[in-house]
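Engineer: Numbering (our numbering), first residue to last: 8 to 373.
Once you've had a glance at the structure underneath, I'll fire off some questions.
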């Protein structure tokens, strides 16, 4: 979106003659500049490049631009209005949405209709007016989003977009270039929440680089330190799970190319996590060449992982095939969990490599 720059009055330097007994205002007390009404969020993230206002805006508590009301099932997006200049006489503005602006963005191709969706009217509420009392220059209002509606499957992975404008100020001029804020909600980013990488706190030997507890005579294959492995994994001269080659140092489970099948192979760690929402992730893969379905698994209240044949349909665990690479799970209390990989390589020449595993939690999970 293209818009005009904010106007500023040039400052004229005035030299005042000093007179005994006279009293003049200091420069900081002189009123200068236009008093214009605008939305601070229209320039908060871009610094004036565009009017986009992404939600969520950051990953720590100092940059959250929303407030969650769990009791009412609402996510309240923080918006506001302000006036430039020194005057504090008080004023009011109307608040409205601007579907024409979003329509133009879709039509022009600035945003695509596959990943971006216009926020439906049924999903949000917005006040129609706000009054700023005398003595204040700014005020806050909420774009209130219904959490249950936003969490519908049709919006997963999408970005919801809405243009919110202020208009008809009761006093002062309106800065039209900064009177509209384009709210862009990253649904997954908001519902799942900003991720905190807690890998180093809970996972031993997580990679980048992996450490081997022992190596084979050839110096390529090893056994992962701090990870439990069953006999099936040790398929390379009694070693397995670790490899160093042209792709670097990796967690590496391969069969074929002269190595035997890996039937019901398991690599895992048992840790204890506090209540919360988490994701255990093996991505990004250096190489993902599995042919038989391979599982990332999280097993609560267990010291090991289930057998390969017991995984599909098992409601006592969390699991995902390697097409997803990650498993998300929620704990309601401090719980012992076992995390890892279960493979069953029956076909020839397959496997995977990853530089490291990751554990994330989501303190703002909705």
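Note that CB positions come from ideal geometry on N, CA and C, so glycine has one too.
Computed from a prediction, not measured in an experiment: that's the story for all the values here.
What span of residues does the alpha helix (DSSP H) with residue 87 cover, start to end?
Structural biologist: Segment 81 to 90 is the beta strand (DSSP E) holding residue 87; no alpha helix (DSSP H) there.
Engineer: Put residue 167 into one of helix, strand or coil per three-state DSSP.
Structural biologist: In the structure shown, residue 167 sits in a strand (DSSP, three-state: E or B).
Engineer: Hey, residue 3 and residue 272: beta-carbon distance below 8 Å or not?
Structural biologist: Nothing about residue 3 can be read from this structure; the chain reaches only from 8 to 373.
Engineer: Below 8 Å on the Cβ atoms is my guess for residue 279 versus residue 341; work out the distance and round it to an integer in Å.
Structural biologist: Going by Cβ atoms, the distance from residue 279 to residue 341 rounds to 6 Å, so yes, they are a contact pair.
Engineer: Give the straight-line distance between the Cα atoms of residue 366 and residue 258, rounded to the nearest whole angstrom.
Structural biologist: Those two C-alpha atoms are separated by around 16 Å.
Engineer: In or out: residue 368 buried (at least 16 other Cβ within 10 Å) or exposed?
Structural biologist: Buried is the call here.
Engineer: Return the chain-ordered list of same chain residues with a C-beta closer than 7 Å to the C-beta of residue 211, the five sequence neighbours on each side being excluded.
Structural biologist: Excluding sequence neighbours, residue 211 sits near 233, 276.
Engineer: Take residue 35 and list the residues in its own chain whose beta-carbon comes closer than 7 Å to its own, dropping the five residues that flank it on each side.
Structural biologist: Low local confidence applies: a pLDDT of 37 at residue 35 is under 50, so the model's placement there is unreliable, and no value is given.
Engineer: Pull up the CB-CB distance for residue 359 and residue 286, whole angstroms please, since I reckon it's below 8 Å.
Structural biologist: About 18 Å separates the two Cβ atoms, so there is no contact after all.
Engineer: Please return the same chain residues whose Cβ sits closer than 6 Å to the Cβ of residue 220, not counting the five positions on each side in sequence.
Structural biologist: Once the five neighbours on either side are set aside, the close Cβ partners of residue 220 are 230, 232.
Engineer: Using the DSSP secondary-structure output, state which residues sit across from residue 274 in a beta bridge.
Structural biologist: Residue 274 is bridged to 236, 348.
Engineer: Who are the Cβ neighbours of residue 263 in its own chain at under 7 Å, not counting the five residues just before and after it?
Structural biologist: Contacts found: 355, 356, 357.
Engineer: Given this structure, state the Cα-to-Cα distance separating residue 124 from residue 64, to the nearest angstrom.
Structural biologist: Answer to the nearest angstrom: the Cα atoms are 19 Å apart.
Engineer: What residue range is occupied by the uninterrupted beta strand (DSSP E) comprising residue 253?
Structural biologist: Unbroken run through residue 253: none, as it is neither H nor E.
Engineer: Can you tell which of 90, 77, 73 has the C-alpha that lies nearest to the C-alpha of residue 83?
Structural biologist: The shortest Cα separation from residue 83 among 90, 77, 73 belongs to 73.
Engineer: Could you tell me which residues DSSP pairs with residue 136 in its beta bridges?
Structural biologist: DSSP output for residue 136 lists 101 as bridge partner(s).
Engineer: Assuming residue 168 contacts residue 190 (C-beta within less than 8 Å), just tell me the rounded distance between them.
Structural biologist: About 7 Å separates the two Cβ atoms, so the contact holds.
Engineer: Going by C-alpha to C-alpha distance, which of 282, 291, 111 sits closest to residue 343?
Structural biologist: If we check each option's Cα against that of residue 343, 282 comes out closest.
Engineer: Counting Cβ pairs, one atom from each stretch, are 3 or more of them under 8 Å apart for the stretch 93 to 101 and the stretch 113 to 123?
Structural biologist: Contact fails: fewer than three Cβ-Cβ distances are below 8 Å.
Engineer: Is the number of C-beta pairs between the stretch 305 to 322 and the stretch 289 to 296 that are closer than 8 Å three or more?
Structural biologist: Cβ pair count under 8 Å is below three, so no.
Engineer: At which residues does the beta strand (DSSP E) containing residue 284 begin and terminate?
Structural biologist: Element bounds for residue 284: 283 to 288.
Engineer: Residue 243: buried (16+ other C-beta within 10 angstroms of its C-beta) or exposed?
Structural biologist: Residue 243 is buried by the Cβ-count criterion.
Engineer: Once the 5 residues before and after residue 188 are set aside, which same chain residues still bring their CB inside 7 Å of it?
Structural biologist: The answer, listed in chain order, is 46, 48, 49, 58, 60, 86, 171.
Engineer: With DSSP collapsed to three states, give me the class of residue 110.
Structural biologist: Helix, per DSSP.
Engineer: From this set, 178, 194, 136, which residue's C-alpha is nearest residue 154's C-alpha?
Structural biologist: When each option's Cα is compared against that of residue 154, the closest is 194.
Engineer: Does DSSP put residue 184 in a helix, in a strand, or in coil?
Structural biologist: Looking at residue 184 - three-state DSSP - the assignment turns out to be helix.
Engineer: Tell me whether the beta-carbon of residue 157 lies closer than 8 Å to the beta-carbon of residue 198.
Structural biologist: Going by C-beta atoms, residue 157 is nearer than 8 Å to residue 198.
Engineer: Under three-state DSSP, which class holds residue 369?
Structural biologist: If DSSP states are grouped into helix, strand and coil, residue 369 belongs with coil.
Engineer: I'd like the list of long-range same chain contacts for residue 223, defined as Cβ closer than 8 Å, with 5 residues on each side in sequence excluded.
Structural biologist: If we look at residue 223 and ignore the five residues flanking it on each side, its Cβ neighbours are 229, 243, 244, 245, 246.
Engineer: What does a CB cutoff of less than 6 Å around residue 90 pick up in its chain, not counting 5 residues either side in sequence?
Structural biologist: Taken in chain order, the residues that qualify are 42, 44, 144, 179.
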